[in-house]
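Asker: So the sequence shown is numbered by numbering that gives the first Met the number 0: it starts at 0 and just counts up by one.
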Amino acid sequence: MTDAAPERGNGAMHRGLLERLQSGEVLVADGANGVRLAAYGYRPGEAPERWSLDHPEAMRAIHAGYIAAGADVVLTNTLGGSRPKLAPYGLGEEVAAINRDLALLLGDVIARSGREVFLAGDVGPTGALLAPLGALEEREAIAIFREQIAALVAGGAGCVFIETMMDLGEAAAAVRAARECCDLPVIATMAFNPVRDGYRTMMGVTPAAAAEALLAAGADVVGANCGQVQAADMPALIRAFRAAGAPLVAVEPNAGLPQLVGEETVFSQTPEEMAAAVPDILAAGANLVGGCCGTTDAHIRRIAAAIRGGAATGAPGAEPA
Ligand SMILES: [Zn+2]
């Protein structure tokens, strides 16, 4: 496990992330990462994280596309970068190197862009169930997340973005791990599905329960990404987070609802269709808006334009798509 000290070079800028959100500015996050690698030749059976390091031009093109589209917060391609996710590929001993190197790669793309962009270290579920449902103890889960997050921080992450979580114990363990190994802003979002009386994760977590537990664990920003919901569901989720006391809310909807075409899950909402939900998302009080499955730089460009709406003169997202 690498417990490297946080990269200090961009510290002042990255502390600025929360200040900017708290000041009322709405920032734009990026779109899908790993799943877009298929367009560059990636095939299932390999770890997307390892593949993207072996094909850095593909990963660089995806990151650069989001930055050019107007994303202010760009995530490392490390959703499956924890030891339980990488070990089945024989990469258990490469956890630190893979996470660090993918953060360094993104940092280089950001530096070349000349834009002020926050480098977010992305953390996803381990795939293992926490006790009492599974065998993973909370302390072990925290150690797993610490290993990954410390490596992302060593590679220059300026904030930690925990996403696509379904189990509250696991999500809170990831937040605690981040709090234990760095003093960077922590964003934590969970994947919600519609139910009769609102929204819950696959493990039954309500937005209110998520907000309370994740804030208590030390998250600065909470919210929703992915799941069986779409951009039009986000205003209701944002209001639920706000009502539960969340000071800052992030949403990253998929490009519509997942549809099964043959053996493949596809997301077919257009950039225009997604962007149409942005006014209601802003009215509900979102602070950070990006995209998840099925979203590309074309979606992020439209979302950024809808957020900035011409008010921020010269904002990159304001250019026509
Ligand atoms: Zn997704």
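Think of the CB as a built atom: it goes at the ideal place given N, C-alpha and C, for glycine as much as any other residue.
Here the structure is a predicted model, which means the values were calculated and not measured.
Cα separation between Arg307 and Tyr39?
Answerer: The alpha-carbon separation between Arg307 and Tyr39 amounts to approximately 31 Å.
Asker: Could you tell me whether any non-hydrogen atom of ligand 1 is closer than 8 Å to the CB of Thr163?
Answerer: yes
Asker: Report the residue ranges of all alpha helix (DSSP H) runs contained in full by the segment 47 to 92; include only those spanning at least 4 residues, in chain order.
Answerer: 47 to 53, 55 to 68, 82 to 85
Asker: Give the C-beta separation of Val248 and Val277 to the nearest angstrom, bearing in mind that I take them to be a contact with Cβ-Cβ under 8 Å.
Answerer: In this structure, Val248 and Val277 do not form a Cβ contact; the two beta carbons are roughly 14 Å apart against a cut-off of 8 Å.
Asker: Out of Glu92, Leu90, Arg42, Val34, point me to the one whose CA is closest to Thr323's CA.
Answerer: No answer is possible for residue 323: the residues shown for the chain start at 0 and end at 320.
Asker: For Gly217, which of helix, strand or coil comes out of DSSP?
Answerer: coil
Asker: Please tell me whether, using a cut-off of 8 Å, the distance from the CB of Asn253 to the nearest non-hydrogen atom of ligand 1 is below it.
Answerer: yes
Asker: Would you say Ala173 and Ala95 are within 9 Å of each other, going by their C-beta atoms?
Answerer: no
Asker: Taking C-beta to C-beta, are Thr163 and Met189 nearer than 9 Å?
Answerer: yes
Asker: May I ask whether a heavy atom of ligand 1 can be found less than 8 Å away from the beta carbon of Asn224?
Answerer: yes
Asker: Can you find the residues in the same chain that come closer than 6 Å, C-beta to C-beta, to Ala274, ignoring five residues on each side of it along the sequence?
Answerer: Arg301, Ile302, Ala305
Asker: What first and last residue would you give for the beta strand (DSSP E) that runs through Asn253?
Answerer: Unbroken run through Asn253: none, as it is neither H nor E.
Asker: Can you confirm whether Gly30, when its beta carbon is compared against all beta carbons of chain B, has any partner nearer than 9 Å?
Answerer: Absent from the structure: chain B. Only one protein chain is present.
Asker: Any idea what DSSP makes of Leu259, helix, strand or coil?
Answerer: strand
Asker: How far does the alpha helix (DSSP H) with Cys180 in it extend, from its first residue to its last?
Answerer: Run containing Cys180: 167 to 180, per the alpha helix (DSSP H) assignment.
Asker: Cβ of Cys291 within 8 Å of any heavy atom in ligand 1?
Answerer: yes
Asker: May I have the straight-line CA-CA distance separating Pro257 from Cys292, to the nearest angstrom?
Answerer: 9 Å
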